[in-house]
Amino acid sequence: MDKRFIIIHPHEIIRKGLWAILRESFHFEFVLLNSVEALKDYSGLKNLFLVVFLASELDSKNTKTQIHELLALDNTLQIIPMYSSSLECSPHEISISQDEPAFAITETVKKLFNKQKPVQKSMSDLSEREKDVLAQVALGFTNKEIADKLFISIHTVISHRKNITEKLGIKSISGLTVYAILNKLIDTENIDPASLI
Amino acid sequence: MDHFKADDKVAKLIHANHYLLPVINRFGIRLGFKDKTVAQVCTEKNIDSNFFLAIINTYTNEDYFPEQDLLKFSPELLIDYLRKTHRYYFEYFFPEVEHRLNKVLNSCQGNCGDLQLINTFYQKYKVELTKHLEEEENRVFPYILALTGCLRTGGQMPEQFSNYYIQSREPEHTMVDQKIYDLKNILIKYLEANYDDNLCNTFLFAIFQFERDLVDHARIEDKILVPKVVEIEKMVRHG
Ligand SMILES: [Fe+2]
Ligand SMILES: [Fe+2]
Numbered sequence: 000m001d002k003r004f005i006i007i008h009p010h011e012i013i014r015k016g017l018w019a020i021l022r023e024s025f026h027f028e029f030v031l032l033n034s035v036e037a038l039k040d041y042s043g044l045k046n047l048f049l050v051v052f053l054a055s056e057l058d059s060k061n062t063k064t065q066i067h068e069l070l071a072l073d074n075t076l077q078i079i080p081m082y083s084s085s086l087e088c089s090p091h092e093i094s095i096s097q098d099e100p101a102f103a104i105t106e107t108v109k110k111l112f113n114k115q116k117p118v119q120k121s122m123s124d125l126s127e128r129e130k131d132v133l134a135q136v137a138l139g140f141t142n143k144e145i146a147d148k149l150f151i152s153i154h155t156v157i158s159h160r161k162n163i164t165e166k167l168g169i170k171s172i173s174g175l176t177v178y179a180i181l182n183k184l185i186d187t188e189n190i191d192p193a194s195l196i
Numbered sequence: 000m001d002h003f004k005a006d007d008k009v010a011k012l013i014h015a016n017h018y019l020l021p022v023i024n025r026f027g028i029r030l031g032f033k034d035k036t037v038a039q040v041c042t043e044k045n046i047d048s049n050f051f052l053a054i055i056n057t058y059t060n061e062d063y064f065p066e067q068d069l070l071k072f073s074p075e076l077l078i079d080y081l082r083k084t085h086r087y088y089f090e091y092f093f094p095e096v097e098h099r100l101n102k103v104l105n106s107c108q109g110n111c112g113d114l115q116l117i118n119t120f121y122q123k124y125k126v127e128l129t130k131h132l133e134e135e136e137n138r139v140f141p142y143i144l145a146l147t148g149c150l151r152t153g154g155q156m157p158e159q160f161s162n163y164y165i166q167s168r169e170p171e172h173t174m175v176d177q178k179i180y181d182l183k184n185i186l187i188k189y190l191e192a193n194y195d196d197n198l199c200n201t202f203l204f205a206i207f208q209f210e211r212d213l214v215d216h217a218r219i220e221d222k223i224l225v226p227k228v229v230e231i232e233k234m235v236r237h238g
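So the sequences go chain by chain: A and D. Under numbering that gives the first Met the number 0, the letters of the first sequence match residues 0 to 196, in that order. Under numbering that gives the first Met the number 0, the letters of the second sequence match residues 0 to 238, in that order.
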């Protein structure tokens, strides 16, 4: 899952400071905001792992609910409060403070990511079954027709197609057809390849 | 990152994101900015600077999308920008992409079957996209302009648009976006023919830029233009 860092703090010096520290170790997109309200312009964020650094003075039940409402629906969300002094930090929550050295902040975030072991989809080659399905897709057959031809359920066809698209990074049928021809999954001796794309 | 503001220099904008060049050209702003700020250039050229900033900021930062701000602008202003973008695709992008692709094709040695396939894929994509753009130019945009005209004057909708509603008419963007992405990814991951590296990179750069422009364009139509027109349709009853 792609990640984004969102830094919310009223002071520019803190926003930019934290951004400068984090971008040395993390190569993700950053969004820097001076208030929680400004988040509403980012309601299009989807399928991301969002790490929100939130100034403790802005941190209340209310703002947390607001952030969740705006972002949690389509994303995985982790809010990290940002305190002005480490004396305010509680050992029971993940947080950072402004009097910590930079490496400690980086460590905290790294630990968070290690906990979040991503589910690694194997990006290896297509399975034989997936190749069969892809060949049928390239030949222009519908899910129903493919299911009948290969003696599998429509549901299975759909799930194969989803895996194929994820593995190859190709979404459209004509794109998949190009791949199938390139990799000789279909016999193009008797068909004009251009007619399939 | 940070958003561009009215007192930023135009030169700074371009240093930060050179993809903005064709975008600001659509507003009639051309190279040779000297030290002029966005506000100055907008006044000079009679451009609504808030609209200009909304467009360049959404273009630069995919995550940034001030729906409330953008919804304020008139459909006429949006359509003018979208039409200029279409013209840019027809007059520059298509010919340029083809020119670059042909150079790669000509540089190919030995078996060039996969480049031929990519060419076919591109040609069919172009036909599909052209149909999409023409539908907007010939039907969707004139409809919206007639509708906003009615809103202003309180007049009747012309006969030809009876039973015409935006949501069933603005063509789908999913396919258009997906295919340009696929074209890019097939080149990056699966190309095997023997071609000239530099020519192929140049072709790929054009596709990258095209994709970026198209996705932004589609987003403006789907997220700003369509909701806006739906709102107006509620005010101007027709059918
Ligand atoms: Fe368009
Ligand atoms: Fe469109």
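Even glycine gets a Cβ: it sits at the ideal position worked out from N, Cα and C.
Check                                                                                                                                                 : Outcome
Taking 8 Å as the cut-off, does the region 181-194 of chain D touch the region 110-122 of chain D (at least 3 CB pairs, one atom from each stretch)?  : yes
At a threshold of 8 Å, does E135 (chain D) count as lining ligand 2 (C-beta to nearest heavy atom)?                                                   : yes
Could you name the residues that DSSP lists as bridge partners for I78 (chain A)?                                                                     : A:V51
How many whole angstroms separate the CB atoms of V22 (chain D) and I54 (chain D), which I take to be in contact at a CB cut-off of 8 Å?              : 7 Å
Do D113 (chain D) and Y180 (chain D) have their C-beta atoms within less than 9 Å of each other?                                                      : no
Distance check for L213 (chain D) and D221 (chain D), CA to CA, integer angstroms please.                                                             : 12 Å
Let me check one thing: in DSSP terms, what residues is Q108 (chain D) bridge-paired to?                                                              : D:N193
For I95 (chain A), write down the residues that DSSP places opposite it in a beta bridge.                                                             : A:M81
What is the DSSP secondary structure of L31 (chain A), reduced to helix, strand or coil?                                                              : strand
If you measure beta-carbon to beta-carbon, which residues of the region 185-196 of chain A are closer than 8 Å to chain D?                            : P192, A193, I196
With I5 (chain A) as the anchor, note down where its beta strand (DSSP E) starts and where it stops.                                                  : 1-7
The alpha helix (DSSP H) spanning M156 (chain D) covers which residue range?                                                                          : M156 (chain D) -> no alpha helix (DSSP H), and no H or E assigned at all.
Do R25 (chain D) and Y63 (chain D) count as a contact pair if the criterion is CB distance below 9 Å?                                                 : no
Run through chain D and tell me which residues come within less than 7 Å of D40 (chain A), C-beta to C-beta.                                          : Y63, F64, P65
Please determine, among A:V132, A:L76, A:T64, the residue with the shortest C-alpha to C-alpha distance to G3 (chain A).                              : As written in the sequence, residue 3 (chain A) is Arg, which differs from the Gly given in the question. Considering only alpha carbons, the answer is A:L76.
Of all the CB atoms in chain C, is at least one closer than 9 Å to the CB of N24 (chain D)?                                                           : Going by chain labels, chain C is absent from the structure shown, which instead holds the protein chains A and D.
Residues of chain A with CB closer than 7 Å to the CB of L146 (chain D), please, in chain order.                                                      : Simply none; closest approach about 26 Å.
List the residues of chain A that T59 (chain D) touches, going by C-beta distances under 8 Å, in chain order.                                         : Those do not exist, as T59 (chain D) stays about 12 Å from chain A at its closest Cβ, beyond 8 Å.
Counting C-beta neighbours from all protein chains within 10 Å, is the total for D147 (chain A) 16 or more, i.e. buried, or is it exposed?            : exposed
Beta-carbon within less than 6 Å of Q65 (chain A)'s beta-carbon, same chain only, minus the 5 sequence neighbours each way: which residues are those? : V35
Could you tell me whether the region 168-178 of chain D touches the region 129-139 of chain D, using the rule of 3 or more Cβ pairs below 8 Å?        : yes
Do L132 (chain D) and ligand 4 come close, with the Cβ less than 8 Å from some heavy atom?                                                            : For ligand 4, the structure offers nothing, since it holds only ligand 1 and ligand 2.
Between the region 95-113 of chain D and the region 190-210 of chain D, can you find at least three pairs of beta-carbon atoms closer than 8 Å?       : yes
Let's see if you can read the secondary structure: which residues bound the alpha helix (DSSP H) around I145 (chain A)?                               : 142-149
Quick one: list the residues of chain D neighbouring E28 (chain A), beta-carbon separation under 8 Å, in chain order.                                 : D62
Confirm the yes/no value for this check: CB of P170 (chain D), any heavy atom of ligand 2, distance under 8 Å.                                        : yes
Are Y41 (chain A) and L70 (chain A) close, meaning C-beta to C-beta below 9 Å?                                                                        : yes
By Cβ distance, which residues of its chain are closer than 8 Å to L193 (chain A), with the 5 residues on each side in sequence left out?             : It is Ala, not Leu, that sits at residue 193 (chain A) in the sequence shown. If we look at A193 (chain A) and ignore the five residues flanking it on each side, it has no Cβ neighbours.
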